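Q: The structure under discussion is supplied below as structure tokens; questions concerning it will follow.
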Amino acid sequence: MKTTLTIFAACFALAAFADRSATSLAGDWHYIVDPQNIGSLGYHDDPDSQRDNMWFGRNVHAKHRSDLVEYNFDASPTMKVPGDWNTQVKELFWYEGIVWYETDFDGRLAGLSKPAQGAGEAKPSGRVFLVLDGVSLKADVYMNGRKLGTHVGGFTQFEFDVTDVIRAGKNSLVVKADNTRSKSSIPTYGFDWWNYGGIIRDVRIETRPETYISRWRVTLDKADRKTLTAEVDLDKAAAGLPVKVAIPELGVTAEGKTDENGRARLTLPQAELTLWSPATPKLYRVVATAGADEVSDEMGFRTIETKGRSILLNGEEIFLKGVCLHDEAPNGGGRVTSDAEVAENIRRAKSLGCNFVRLAHYPHIEKMVRACEREGLMVWSEIPLYWMIDWGNPSTYANAESQVREMISRDIRRGNVIIWSLANETVRSSKRTDFLSRLAKYARSLDNTRLISLAMEVARARNGVNKPEDELHEFVDIVSFNEYVGWYRNVKDADKMVWEIPYEKPVVISEFGGGAVAGRHGANDERWTEEMQQTIYEANVRMFSRIEGLSGTCPWVLTDFRSPRRPLAGVQDGYNRKGLFSTDGREKLAAETMRKFYSTK
Ligand code: GCB
Numbered sequence: 003m004k005t006t007l008t009i010f011a012a013c014f015a016l017a018a019f020a021d022r023s024a025t026s027l028a029g030d031w032h033y034i035v036d037p038q039n040i041g042s043l044g045y046h047d048d049p050d051s052q053r054d055n056m057w058f059g060r061n062v063h064a065k066h067r068s069d070l071v072e073y074n075f076d077a078s079p080t081m082k083v084p085g086d087w088n089t090q091v092k093e094l095f096w097y098e099g100i101v102w103y104e105t106d107f108d109g110r111l112a113g114l115s116k117p118a119q120g121a122g123e124a125k126p127s128g129r130v131f132l133v134l135d136g137v138s139l140k141a142d143v144y145m146n147g148r149k150l151g152t153h154v155g156g157f158t159q160f161e162f163d164v165t166d167v168i169r170a171g172k173n174s175l176v177v178k179a180d181n182t183r184s185k186s187s188i189p190t191y192g193f194d195w196w197n198y199g200g201i202i203r204d205v206r207i208e209t210r211p212e213t214y215i216s217r218w219r220v221t222l223d224k225a226d227r228k229t230l231t232a233e234v235d236l237d238k239a240a241a242g243l244p245v246k247v248a249i250p251e252l253g254v255t256a257e258g259k260t261d262e263n264g265r266a267r268l269t270l271p272q273a274e275l276t277l278w279s280p281a282t283p284k285l286y287r288v289v290a291t292a293g294a295d296e297v298s299d300e301m302g303f304r305t306i307e308t309k310g311r312s313i314l315l316n317g318e319e320i321f322l323k324g325v326c327l328h329d330e331a332p333n334g335g336g337r338v339t340s341d342a343e344v345a346e347n348i349r350r351a352k353s354l355g356c357n358f359v360r361l362a363h364y365p366h367i368e369k370m371v372r373a374c375e376r377e378g379l380m381v382w383s384e385i386p387l388y389w390m391i392d393w394g395n396p397s398t399y400a401n402a403e404s405q406v407r408e409m410i411s412r413d414i415r416r417g418n419v420i421i422w423s424l425a426n427e428t429v430r431s432s433k434r435t436d437f438l439s440r441l442a443k444y445a446r447s448l449d450n451t452r453l454i455s456l457a458m459e460v461a462r463a464r465n466g467v468n469k470p471e472d473e474l475h476e477f478v479d480i481v482s483f484n485e486y487v488g489w490y491r492n493v494k495d496a497d498k499m500v501w502e503i504p505y506e507k508p509v510v511i512s513e514f515g516g517g518a519v520a521g522r523h524g525a526n527d528e529r530w531t532e533e534m535q536q537t538i539y540e541a542n543v544r545m546f547s548r549i550e551g552l553s554g555t556c557p558w559v560l561t562d563f564r565s566p567r568r569p570l571a572g573v574q575d576g577y578n579r580k581g582l583f584s585t586d587g588r589e590k591l592a593a594e595t596m597r598k599f600y601s602t603k
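If you want it as structure tokens, here you go:
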């Protein structure tokens, strides 16, 4: 699909960041707020009842003037897609529940033109997919009154094959977005961020040939750092289909054929390569073709591994000069949607001297990861297994696997993504360890070209000794933990704290820090002042030199962020104030401490 349609859908634009062109359905969508789940259950709680006229996904528009339909998408207000509802609609600021969205689009977006009279329905050439980049936290999706499916997980991409559902002319698309939390959901009840709801990321229509490339990547050999291997997987491919992968800038091409699983593994001829690193974030355009399909993407080539207590990027030891951030607009207003918001988040991180970002606590918007790749920032990406997960529940585990799979598959070609993180601050139990160790093995089986970690918590010392001991560390490549020395723990202890790392693995401090209101000044032991925050940073930085194998640090957090867990009036006002920047972009004193520390690394 190479054209942008201007008729009927003037606001729809080509989505530029995927590996194939697509038409974005971004724009103003109608919505109906449904706090009682009426749109699914109707009057009689029976979705199949003939008398039921409240099935928003099925009966999208009244068909006859006599129809009793007590809702009307066309007359309902609109909001922007992509975008969370909390920051767009004042009444929905605190809302957790169901909102139904609806838009109409022309089948010409999928290359369908209206057939001549009597010629029957137009059929697309090839297959048509509806791709949704993120709906928080659960989505039920309907097209032309037919249910396409349900997706669980608010931060990962999913898609439906709509070849048999899409029509020439007008199509209606309905998405029921539900951000209700439950005991078994991921994330579950308790978390320290804003539970933004809605279609938070782009929705698009993609056309692909009948047999298409469903997954592909190019990886650099760890042993010689010269050999590139391409893996190309096809959907519905028979054995023997020709596959080609080319890097035009290097003048190299590899050709081969699919095996009986519809997969080809090709080795590219060696060429003079500039490896991706924060200092040289070199990207190459790679083109893969298979049968009638062609995809292309820009990507960086690098190796990442650990050796003893070191992290090696391209075979050389590297210190991860990181910072944590949420997928939140830097001015404190909702989920990130624009390039400008991404650019400002990156600018703030780079101004500290960072070469690494921990994208907490769930997969961030794809354009952030891609921009980090262009700008030379390595990425830690994670799924929202946070605090008290229902570890014994098989459906929660299935949900976790699906979020890991979708996180990995979206960013599988990003050279800058170096760590898949599986959880944050979990409480030790055998059920938890079974769940997370199994998940770690699963993540490795999907991708063995990156490191696995999870952020643990070290909250108290025994006889003055901090020992981050947890059987889960056996399953990961990097021992990571959050320590809040100075904030949840006494700052005076920092200088005498002893750290013992009982694993021959690199250590990354995945969080530390303290809160301060930008512009509030006072004594260095006065809570919420910039001086106290800076004192905490200084104490931590002194302590870091005594942690053997320390290979990275990620202060919590780049910018103050919204959290209902933080109601302290006149201080927090609904924001976690541990930012090194305020939402209006003011830098706090501790930022300079971090900058100085990173300049020595
Ligand atoms: C943590 C969590 C993070 C919180 C932070 C805090 O340990 O991982 O999500 O926001 O502490 O500010 O307490």
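Residue numbers (the numbering used here): 3 to 603. Ideal Cβ positions, reconstructed from N, Cα and C, are used throughout, including at glycine. Being a predicted model, the structure only gives us computed values, none of them experimental.
#1: Would you check if the distance between the CB atom of R452 and the CB atom of I306 is smaller than 8 Å?
#2: Is it buried or exposed for H523, if we count other Cβ within 10 angstroms and need 16 for buried?
#3: Under DSSP, the beta strand (DSSP E) around I201 begins and ends at which residues?
#4: Mind checking which residues open and close the alpha helix (DSSP H) that includes R412?
#5: Run the CB neighbour count on E485, radius 10 Å, all protein chains shown included, and call it buried at 16 or more, exposed below.
#6: Compute the Euclidean distance between the alpha carbons of R304 and S279, then round it to the nearest angstrom.
#7: Suppose you measure from the CA of A400 to the CA of F477; what does that come to, to the nearest Å?
#8: Does the stretch 193-208 come into contact with the stretch 125-141, if we say contact requires no fewer than three beta-carbon pairs (one atom in each stretch) closer than 8 Å?
#9: Would you say W501 touches the ligand GCB, meaning its beta carbon is less than 7 Å from a heavy atom?
#10: Which runs of the alpha helix (DSSP H), 4 residues or longer, sit entirely within the stretch 99-151?
#11: Let me know the secondary structure DSSP gives N468 once reduced to three states.
#12: Would you say P280 reaches chain B, if we count a Cβ-Cβ gap shorter than 8 Å as a contact?
#13: Indicate, with yes or no, if the ligand GCB has a heavy atom lying under 7 Å from the CB of D194.
#14: Kindly identify the DSSP beta-bridge partner or partners of A266.
#15: Please return the same chain residues whose Cβ sits closer than 6 Å to the Cβ of A541, not counting the five positions on each side in sequence.
#16: Measure the C-alpha to C-alpha separation of A241 and E262 and round it to an integer number of angstroms.
#17: Let me check you understand the geometry: is the CB of E427 closer than 7 Å to at least one non-hydrogen atom of the ligand GCB?
#18: Are there 16 or more other CB atoms within 10 angstroms of the CB of F58, so buried, or fewer, so exposed?
#19: Would you report the Cα separation of D586 and W558, rounded to the nearest angstrom?
#20: Could you pull out every residue in the same chain whose Cβ sits closer than 6 Å to the Cβ of I511, ignoring the five residues on either side in sequence?
#21: How about W558: is its Cβ closer than 7 Å to a heavy atom in the ligand GCB?
#22: What first and last residue would you give for the beta strand (DSSP E) that runs through A256?
#23: Can you check DSSP and say which residues form a bridge with K580?
#24: Within 7 Å: the Cβ of H363 and any heavy atom of the ligand GCB?
#25: On the three-pair Cβ rule with 8 Å, is the stretch 152-161 touching the stretch 88-102?
#26: Spell out the partners DSSP gives G29 in its beta bridges.
#27: Between the alpha carbons of E408 and D449, how many angstroms are there, rounded?
#28: How should A17 be labelled, buried or exposed, when 16 other C-beta atoms within 10 angstroms of its C-beta is the threshold for buried?
#29: Do you know whose CA, among L150, Y539, I391 and Q574, lies nearest R183's CA?
#30: Does the Cβ of L243 have 16 or more other Cβ atoms within 10 Å, making it buried, or fewer, making it exposed?
#31: Between which two residues does the alpha helix (DSSP H) holding N542 run?
#32: Looking at A457: is its Cβ nearer than 8 Å to the Cβ of F483?
#33: Taking its Cβ as the centre, do 16 or more other Cβ atoms sit within 10 Å of L70, making it buried, or is it exposed?
#34: Quick check: what's the CA-CA separation for E300 versus V338?
#35: With a threshold of 16 other CB atoms inside 10 Å of the CB of S68, please say whether the residue is buried or exposed.
#36: If you draw a straight line from the C-alpha of C13 to the C-alpha of V481, how long is it?
A: In this structure, then:
#1: Yes.
#2: In summary, H523 is exposed, with fewer than 16 beta-carbon neighbours lying within 10 Å of its beta-carbon over all protein chains present.
#3: For I201, there is no enclosing beta strand (DSSP E), as DSSP gives it neither H nor E.
#4: P396 to R412 is the extent of the alpha helix (DSSP H) around R412.
#5: With 16 or more other Cβ atoms within 10 Å, it is buried.
#6: Across the structure, R304 and S279 are spaced so that their CA atoms are roughly 7 Å apart.
#7: C-alpha of A400 to C-alpha of F477: approximately 19 Å in a straight line.
#8: In short, these stretches touch, since the Cβ pair count reaches three.
#9: The answer is no for W501.
#10: As far as the stretch 99-151 is concerned, it has no whole alpha helix (DSSP H) run of at least 4 residues.
#11: For N468, the three-state secondary structure derived from DSSP is strand.
#12: The chain inventory of the structure shown lacks chain B, comprising one protein chain alone.
#13: Yes, the beta carbon of D194 sits closer than 7 Å to at least one heavy atom of the ligand GCB.
#14: Answer is V234, bridged to A266.
#15: G488, V493 and A496, listed in sequence order.
#16: Cα-Cα distance, rounded: 5 Å.
#17: For the ligand GCB, at least one heavy atom lies less than 7 Å from the Cβ of E427.
#18: The residue is buried, with at least 16 neighbouring Cβ atoms inside 10 Å.
#19: If you take the alpha carbons of D586 and W558, they lie about 18 Å apart.
#20: Closer than 6 Å at the Cβ level, and outside the excluded window around I511, lie T555.
#21: Distances taken from the Cβ of W558 to the heavy atoms of the ligand GCB include one shorter than 7 Å.
#22: Per DSSP, A256 belongs to the beta strand (DSSP E) from V254 to K259.
#23: None; K580 has no bridge partner.
#24: It does: the Cβ of H363 is within 7 Å (strictly closer) of some heavy atom of the ligand GCB.
#25: Segments in contact, no.
#26: Per DSSP, the beta-bridge partners of G29 are V83.
#27: Answer to the nearest angstrom: the Cα atoms are 12 Å apart.
#28: Because A17 carries a pLDDT of 45, less than 50, the predicted location of this residue cannot be relied on, and no value is offered for it.
#29: Taking the Cα of R183 as reference, the smallest distance to any Cα among L150, Y539, I391 and Q574 is reached at I391.
#30: Note on L243: 16 or more other CB atoms within 10 angstroms of its CB, so buried under the neighbour-count rule.
#31: Element bounds for N542: E532 to F546.
#32: Yes, the pair counts as a contact, with Cβ atoms nearer than the cut-off.
#33: Classification for L70: exposed.
#34: Each residue's alpha carbon lies about 22 Å from the other.
#35: Classification for S68: exposed.
#36: Per-residue confidence for C13 stands at a pLDDT of 37, beneath the threshold of 50, marking its modelled position as unreliable; the derived number appears in the next sentence. Cα to Cα, C13 sits roughly 47 Å from V481.
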